[in-house]
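Okay, structure first, notes after.
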Amino acid sequence: MNQFELFVASSERARSDAWRYLRHLGELDCRIEEGMYRLKEIAQQLERDVPLSGSEGLQHATDDRRQSKKRRQSPASMTSQGPGPADNDQSRSSSAVLMESSRADLSAEYQACSRRVRRYAFERVKVAEELVKCGEEMANCLERRMAPFRRNLANSTEASPDDA
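The working numbering applies: residue 4 is where the sequence shown begins, and numbers increase by one.
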């Protein structure tokens with residue numbers, strides 16, 4: 004078996020670990036990127052004070068249509084239906100409650116996502132440290148295998164007579 008084959012055989016475990024760590028780093032990078040993207044989305048939602056789910060947005064649009072329909076009706080028909088300005092205030096306050104609930108949900112999701120991203124980043128640092136250890140192990144293995152080769156090469160160059 005030559006020196007290269009010995010190196011390949013002796014470094015098999017370290018090389019397979021290194022490939023596994025590299026794949027894991029890629030997965031963690033992807034998760035971190037997705038988490039950061041989600042954090043950005045949530046921050047933008049909180050900045051705009053717009054509800055996240057489409058159903059809440061639809062509810063606000065329906066309320067707006069009802070308000071415009073009420074404005075078009077005559078005052079006599081409004082009194083016969085019953086809802087007055089007090090209901091309008093109640094609908095606005097329930098809308099504010101929904102908005103605050105939505106903000107609280109978004110804030111909780113932001114915190115959970117932030118913790119998840121930090122955990123992934125911490126795990127990524129640990130995996131990178133393990134990858135460095137694998138690299139050092141492979142370098143040591145290569146150095147051990149190259150030492151006899153270097154000695155043989157040095158001996159062969161010293162022993163060969165110069166034909167000059």
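In this text, a Cβ means the ideal position worked out from N, Cα and C, and glycines have one as well.
May I ask you to report which of helix, strand or coil DSSP gives residue i?
i: L61; result: With a pLDDT of 44 at L61, under the threshold of 50, the modelled position of this residue cannot be trusted, and the question is left open.
i: S14; result: coil
i: T160; result: helix
Residue i and residue j: beta carbons closer than 8 Å?
i: L28; j: V130; result: yes
i: L250; j: C116; result: Because residue 250 is not part of the residues shown, which for the chain are 4 to 167, the question remains open.
i: Y24; j: C137; result: yes
i: A21; j: L101; result: no
i: M149; j: S14; result: no
i: G38; j: Y113; result: no
i: F10; j: L145; result: yes
Sorted by chain position, which residues of the same chain lie with C-beta nearer than 8 Å to residue i's C-beta, five sequence neighbours on each side aside?
i: R127; result: L28, L31, D32, I35
i: A111; result: none
In terms of alpha-carbon separation, which member of the options lies closest to residue i?
i: R51; options: R118, E103, P151; result: E103
i: L109; options: E44, R16, R26, R18; result: E44
i: R16; options: V120, N158, Q47, E139; result: E139
i: A107; options: A12, A46, R26; result: A46
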